[in-house]
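Going by the numbering used here, the residue at position 186 of the sequence shown is 1131; the numbering climbs one at a time, nothing skipped.
Contents: one structure, followed by commentary.
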Amino acid sequence: MKMTNLVRVRVRVAIVSLLLLALAAPLCAATANWQRQDVDWQAGGNRRIKGIRHPKDSPLPTRAERKTGQAATAKGRISALAAGEELLVESPPVDGFVPWIAVSVTQERGADLEFDAIVETSVTGSYPAGVDWKTDYIIGLFDTGASSHVVGYADATRAGLYPGLLTSNYVTVSGVTGSVDALVSYPLGLFIDGLDAVALDTLSLDRSGMMGESNVAVGVGTNPGDGPDLPTAIGTPLSVYYTTLIRNDRTITLTRDGETFTAPEIRMYEADDADAPSFTNVIPLELRPLGAAAVQYVPTVDLGGGGFDWDDLDDLLGGGTAMEYPPSSPSMIIGNSSQSLFFVHSVDLYDGPKSAVDKSRFMLDTGAQVTVVGTRIAARLQLNPAAPEFEVEIEGVTGEITMAPGFYVDTIEIPALGQWFKATNVPVVLMDISSPEGGTLDGIIGMNLFVDFNLIVRGGGFFLTGDPTLELQRVEDAANTAP
């Protein structure tokens, strides 16, 4: 009658961002002589862009190539700001910044039969045996496109999650070309801070500024063998509770185990902290699907081998324990029976005489360096997948590569309180990504649009609470107004 670990529960959920529906660009003769360069960019949803192809006489505006031209355009940007009309970004790069964070994992969990995440404003709980918290921390992504938290295999091994903190339940992580299995963890504590929490000389972690949550289940990658490991991504189920400051005017670079990480300074604040910063330009967001009330995991319950068992229900409600009923899925924000994420309230796009105005199905994805449009938007703007202006090679969860077309869109505008956000000559990648509301997204707003800005991601959106927002401050103005 009782639940048994001999039966592996498979739950099909979208772990990081959402399922990508491949939209391969046909290679045509016009692109045969294009040049290719290797890159390693985050595209959200367990996707990485490993290469980019473009005409030899049309160099791409990447972050490194763009720095030499920023001084020439700064005067124009400041004059637009003084006019009080818009926050103007001219020719943003294809690749934006990466919000790397330090992650510490403990064994802190809630009481029996408590499935909701518990907000923690400091590190609580003990570490797994053999783990040194000063050195065995994880470097992961602050990823608002993640509907639940994921820890890669190598990171999970370092943090001591294998084997004692893992259930025998699986979830399926889907990508461009296939899917892989990830194990579901037991409830644990998850705490984050910016890379400045790591001493650059000793690489030792300072936990004093870490905040997070306990009693959360995460998806954990299995040994990938020769394939790519799942990236560690800390998603919206944590950021929804906090105010997060991302400062592009201050960057940190550290090298660990031969890998170099460069990220903006990131600082966490409690949602009601009076000392938390605020910026005057505010983009409204929505936590959708609507109706979410908490972050929680779903327990495993054996219903008598296919038939309903009233004794099992009685145990679950009154006499069982959380370890008798381990998580069958990672913790998620459950809104109207689906995982909720941050959506930009309205986006306007223009290309030549064509437009797609007041679109509300764009997701805000801090884990994506690129901006994406779906086929509905591409059709409205008359973008032709057979005639791309550049192409990207996307590596999925299985390591297989697919091609996606890229285009330059004349203008993307995002309505805001204060000054509207406006970007011109914007590189976008054409992909269809499934939406938690059903169907596909109109696209994702990636971090390439905001390399010139400090950002505040203000959580919220639970039932009967205020909506989340994205607040902007131009980097040029940060010296006088940012904390």
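Glycine residues also receive a C-beta, built at the ideal position from the N, C-alpha and C atoms.
Pairwise C-alpha distance: residue 1301 and residue 1144
Locating residue 1144 in the sequence shown gives position 199, counting from the first residue. Locating residue 1301 in the sequence shown gives position 356, counting from the first residue. Going from the Cα of residue 1144 to the Cα of residue 1301 covers about 47 Å.
Quick check: residue 1311 and residue 1089, are their CB atoms within less than 9 Å of each other?
Here residue 1311 corresponds to residue number 366 of the sequence shown, with the count starting at 1. Here residue 1089 corresponds to residue number 144 of the sequence shown, with the count starting at 1. Yes, these two residues count as a Cβ contact at 9 Å.
Which residue comes first and which comes last in the alpha helix (DSSP H) that contains residue 1323?
Counting from 1 along the sequence shown, the entry for residue 1323 is found at position 378. Note, residue 1323: alpha helix (DSSP H), 1320–1326.
Would residue 985 pass as a contact of residue 995 if the rule is Cβ separation under 9 Å?
As a working note, residue 985 is residue 40 in the sequence shown. As a working note, residue 995 is residue 50 in the sequence shown. Yes, the Cβ-Cβ distance between residue 985 and residue 995 is below 9 Å.
Own chain residues within Cβ distance below 6 Å of residue 1446, not counting five before or after
Limits of the chain in this structure are 946 at one end and 1428 at the other, which puts residue 1446 out of reach.
What is the DSSP secondary structure of residue 1258, reduced to helix, strand or coil?
The count along the sequence shown starts at 1 and reaches residue 1258 at position 313. With a pLDDT of 46 at residue 1258, under the threshold of 50, the predicted position of this residue should be treated as unreliable, and no value is reported.
Any idea what DSSP makes of residue 1420, helix, strand or coil?
Here residue 1420 refers to the residue found at position 475 of the sequence shown. Here residue 1420 sits in helix by DSSP.
Output the residue ranges of the beta strand (DSSP E) runs that lie fully inside the stretch 1283–1308 and measure 3 residues or longer, sorted by chain position.
1286–1289, 1292–1296 and 1299–1304
Supposed contact pair residue 1111 and residue 1130 - C-beta distance, whole angstroms, cut 8 Å
Locating residue 1130 in the sequence shown gives position 185, where the first residue counts as 1. Locating residue 1111 in the sequence shown gives position 166, where the first residue counts as 1. Their Cβ separation, rounded to whole angstroms, is 6 Å, which keeps residue 1130 and residue 1111 in contact under 8 Å.
Classify residue 1141 as buried or exposed, calling it buried when 16 or more other Cβ atoms lie within 10 Å of its own Cβ.
One-based indexing of the sequence shown puts residue 1141 at position 196. Buried.
Counting only runs of 4+ residues fully inside the stretch 1171–1258, write out the alpha helix (DSSP H) ranges in chain order.
1181–1184
Between the beta-carbon of residue 1105 and the beta-carbon of residue 1073, is there less than 9 Å?
As a first step, residue 1105 must be located in the sequence shown, where it is residue number 160. As a first step, residue 1073 must be located in the sequence shown, where it is residue number 128. Yes, Cβ-Cβ distance for residue 1105 and residue 1073 is below 9 Å.
Alpha carbon of residue 1338 to alpha carbon of residue 1347, nearest angstrom
Taking the first residue of the sequence shown as position 1, residue 1338 is located at position 393. Taking the first residue of the sequence shown as position 1, residue 1347 is located at position 402. Looking at the two C-alpha atoms, the distance is approximately 6 Å.
To test your reading of the DSSP string, which unbroken alpha helix (DSSP H) runs of 4 or more residues are found completely within the stretch 1071–1138?
1098–1103
Just to confirm my understanding: we take residue 1156, look at its own chain, exclude 5 residues before and 5 after, and list those with CB closer than 6 Å. What are they?
Here the question's residue 1156 lines up with position 211 in the sequence shown. 1066 and 1213.
Closer than 9 Å, CB to CB, is residue 1089 near chain C or not?
Given the protein chain composition of this structure (a single chain), no chain C is represented.
Between the beta-carbon of residue 1278 and the beta-carbon of residue 1182, is there less than 9 Å?
Sequence index remark: in the sequence shown, residue 1278 carries index 333 (1-based). Sequence index remark: in the sequence shown, residue 1182 carries index 237 (1-based). Result yes, Cβ atoms of residue 1278 and residue 1182 sit closer than 9 Å.
So the candidates are 1352, 999 and 1210; which of them puts its Cα closest to the Cα of residue 1044?
Indexing the sequence shown from 1 puts residue 1044 at position 99. Answer by Cα proximity: 1210.
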